[in-house]
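Protein sequences, first through last, are from chains A and B. According to the numbering used here, the residues represented by the first sequence are 4 to 557, in order. According to the numbering used here, the residues represented by the second sequence are 1325 to 1456, in order. Positions of the beta carbon are idealized from the N, C-alpha and C atoms, including for glycine. Report on the structure given below.
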Amino acid sequence: MDGRIKDSLELWEKNVLEKHLQKNPESKEKFTTLSNQEIKRLYTPVDLEDFDYLRDLGFPGEYPYTRGVQPTMYRGKVWTMRQFAGFGTAEDTNARYKYLLSQGQTGLSVAFHMPTLMGVDSDSPRARGEVGKCGVAIDSLADMEILFDGIPLDKVTTSMTINGPASILLCMYMAVAEKQGVSWDKIGGTIQNDILKEYIAQKSWLFPPKPSIRLITDIFAFCSKHVPKWNTISISGYHIREAGSSALQELAFTLKDGFTYVEAGIEAGLNVDDFAPRLSFFFNAHNDFFEEIAKYRAARRIWAREMRETYKAKDPRSWMLRFHTQTAGCSLTAQQPLNNIVRVTIQALAAVLGGTQSLHTNSMDETLALPTELAVTVALRTQQIIAEESGVINTIDPLGGSYFVEKLTNEMEKGAYEYFRKIDDLGGMVKAIELGYPQREIMDHAYWYQQAVEKGEKTIVGVNKYIMQEEIPIPILKIDDEVEKKQIARTQEVKRTRDKKAWENALRELKKAATGKENLIPYIYNAVKAYATIGEIVDTLKEVFGEYKEPAMF
Amino acid sequence: MRKVRILMAKPGLDGHDRGVKIVSRALRDAGFEVIYTGLHQTPEDVVNIALQEDVDAIGMSVLSGAHNYLFSRVLELLKEKNATDIVVFGGGIIPEDDVKYLKSIGVKELFLPGTPLETIINWAKENIKPLS
């Protein structure tokens, strides 16, 4: 380090800064990020004393990938614009997909309704009031065939936000592809399939951890042989953040979940390089611009190092952390909803400067209901403006080398390793979850944040500052109650008309396989093809696996 | 006089529990006795727990869009059990028209996104009294 900079900095502090502060004090005693991390007034080379360019950053497309996973990043191809959508029946959502594709969207992303997420059929009493409300109702292969009707599965990639029943929805997608004459090695997409973050944050679970992780490693093994372009898991921090975590907690818990899956795959006898290249990630983009960018950059560096050094992966594709980003739903306000467009723009820009591979931008009306077509279009246009008007894609990792961003990236990394150690001390992530550790950490941070908002220490424009009495009315998407009736009728029709014998056999075989050690995916595929419903398949597995019970606390 | 007892509940399949947990903590810190049901409760579960625990109010959080069914079913069950003196309130992603409807059938108050905790606490102090 050049000692002259340090000396000059001290002189500047004494001669310039102190004098200035005497007359012009700063507006606050402490400046902190959204996650309550203190930020200094100024960052200089003094903050990066042991910075080593080749070790810490390297070049894009090369270990440790801090600057990005591809050698040309968005100059080659901009991120995939992938708007999460689903509501009503399969027909309703199919029409929305066709609209989004016609508007320049480049990938599909399926939002399922709560009953599908929880492995419950639409005609179950537990589904009353929920059908088609916060996503599309899918009960059986019959619905899935309608959902992708007229959408060639060799031309689009599809992300499915599905966890507990991920294997079932993947099998349905494979069955639709087969029907379209598209072979499995040609289909691409992602299933979320991240059960650990369900226990931690999103809380849509079915089975206890052990059999859930078995299903996940079965998917890893099956897809590496038969569906090679499929991202078998999307290890998600998004929901952890939405549940109220800090940026650091999001980073640390997500990566630790990722390592837990890698260990499970290795324990199941798989070669790490056979499944690790298909692991993908999903992060949140919240309001604190630089903190978010540092989070993505630190994530890439930590993942690369651990995959190479700890898990001994040899294939560079196993070292690369590829991720999807969604802007923070929890940052949107019901008050003055047009302001949300601006929030989303800042968040999306952070994701892009952080090197995301795909992006969902939230619509302005999502604290009120599912988005209208107009609101979704503005959200998509936001991405197109960033990509094609702002000029930020012209160079790779434009913030790399910023004293501030590099220092923040280092601090994120250090904080994540501290969390890894704490979780290891508790006996690993599964044990930590059973003890309620990550859940409590997140809850504590959420409560701190809420109180900071109440005290006015953190500003939410339109909510605790710049409040207006008159609300701007915006149109809202309503899901007709007819949807529920229509869906129940279709599912009951499927149950009446399917081949009873094939259906019975498939479920019996599945149950038998679940009690043993065989890979379950071919059995689930057979059940799906026999038009067994999601509820029936899940109930069959629950008979063997049991159900998860949460440690309920607040 | 005994403490006011509130059952905080998550009915339906929705797992978004950030709000219900924050409000539960805030009510507890403000001196209420709070019982939390945990997730994925049916309306029947909620009403049974409310009666067993002898609560004065039920606060329900619904973010999945299933509010009309879940709130009205809980009110219906309370009526069947002659327990309409239990105050029912709640919160979540609930459009304006549905707020009006739910209040018209007997939901005492609904708190929407962005509501300060203090508003909820003050409302609870004024509107929930210990039932004898």
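- Residue ranges of uninterrupted alpha helix (DSSP H) with 4 or more members, entirely inside the stretch 280-359 of chain A and ordered along the chain, are 292-308, 319-322 and 342-356.
- Arginine 303/A does not reach chain B, its nearest Cβ partner there being about 28 Å away, counting only Cβ pairs nearer than 7 Å.
- In this chain, isoleucine 236/A is not harboured by any alpha helix (DSSP H); it is covered by the beta strand (DSSP E) spanning 236-239.
- Residue contact check for glycine 132/A against chain B: a CB pair falls below 8 Å.
- For proline 118/A, the chain B residues whose Cβ falls inside 9 Å of its Cβ are Leu1337, in order along the chain.
- Look at arginine 129/A: its C-beta is under 8 Å from a C-beta on chain B.
- For isoleucine 1346/B, the chain A residues whose Cβ falls inside 7 Å of its Cβ are Ala449, Tyr450 and Gln453, in order along the chain.
- The beta-carbon separation of alanine 419/A and alanine 255/A, rounded to 4 Å, stays under the 8 Å limit for a contact.
- Residue pairing by DSSP places histidine 363/A opposite Gln329/A in a beta bridge.
- In the three-state reduction of the DSSP assignment, glycine 1383/B falls in the strand class, which pools E and B.
- If you draw a straight line from the Cα of valine 265/A to the Cα of lysine 520/A, it comes to about 19 Å.
- Between valine 381/A and leucine 352/A the beta-carbon gap is near 16 Å, outside 8 Å, which marks them as no contact.
- Remark: C-beta atoms of glycine 332/A and glutamate 245/A approach each other more closely than 8 Å.
- For isoleucine 482/A, the chain B residues whose Cβ falls inside 8 Å of its Cβ are Gly1389, in order along the chain.
- Using a C-beta cut-off of 8 Å, the stretch 274-290 of chain A makes no contact with the stretch 392-412 of chain A, since fewer than three inter-stretch Cβ pairs fall below that distance.
- Taking CB atoms only, arginine 1349/B has a neighbour in chain A less than 8 Å away.
- In the three-state DSSP reduction, glutamine 472/A falls in the coil class, being neither helix nor strand.
- Closer than 7 Å at the C-beta level to chain A, one finds these residues of the stretch 1416-1450 of chain B: Ile1417, Pro1419, Leu1436, Pro1437, Gly1438, Pro1440, Leu1441 and Glu1442.
- Unbroken alpha helix (DSSP H) stretches of 4 residues or longer found wholly inside the stretch 65-112 of chain A: 93-105, given in chain order.
- Here the C-alpha atom of alanine 130/A lies approximately 7 Å from the C-alpha atom of aspartate 124/A.
- Residue range 1411-1416 is occupied by the beta strand (DSSP E) that includes glycine 1415/B.
- In chain order, Glu512, Leu513 and Ala516 place their CB closer than 6 Å to the CB of tyrosine 526/A, counting only its own chain and leaving out the 5 sequence neighbours on each side.
- Counting the other Cβ atoms within 10 Å of the Cβ of asparagine 529/A gives 16 or more, which makes it buried.
- In this structure, valine 179/A lies near leucine 156/A, with their beta-carbon atoms less than 8 Å apart.
- Exclusion of the five residues before and after phenylalanine 262/A leaves Glu309 as the residues of its chain whose Cβ lies within less than 7 Å of its Cβ.
- According to the DSSP secondary-structure assignment, arginine 1326/B is paired through a beta bridge with no residue.
- Taking a Cβ-Cβ cut-off of 7 Å, the neighbours of phenylalanine 557/A in chain B comprise Lys1345, Ser1348, Arg1349 and Tyr1360, given in sequence order.
- One Cα belongs to threonine 119/A, the other to valine 275/A, and the distance between them is close to 31 Å.
- Identification of chain B residues near threonine 370/A by a Cβ-Cβ cut-off of 9 Å yields Ile1417, Leu1436, Pro1437 and Gly1438, ordered along the chain.
- Residue contact with chain A for asparagine 1372/B: absent (no Cβ-Cβ distance below 8 Å to any residue of chain A).
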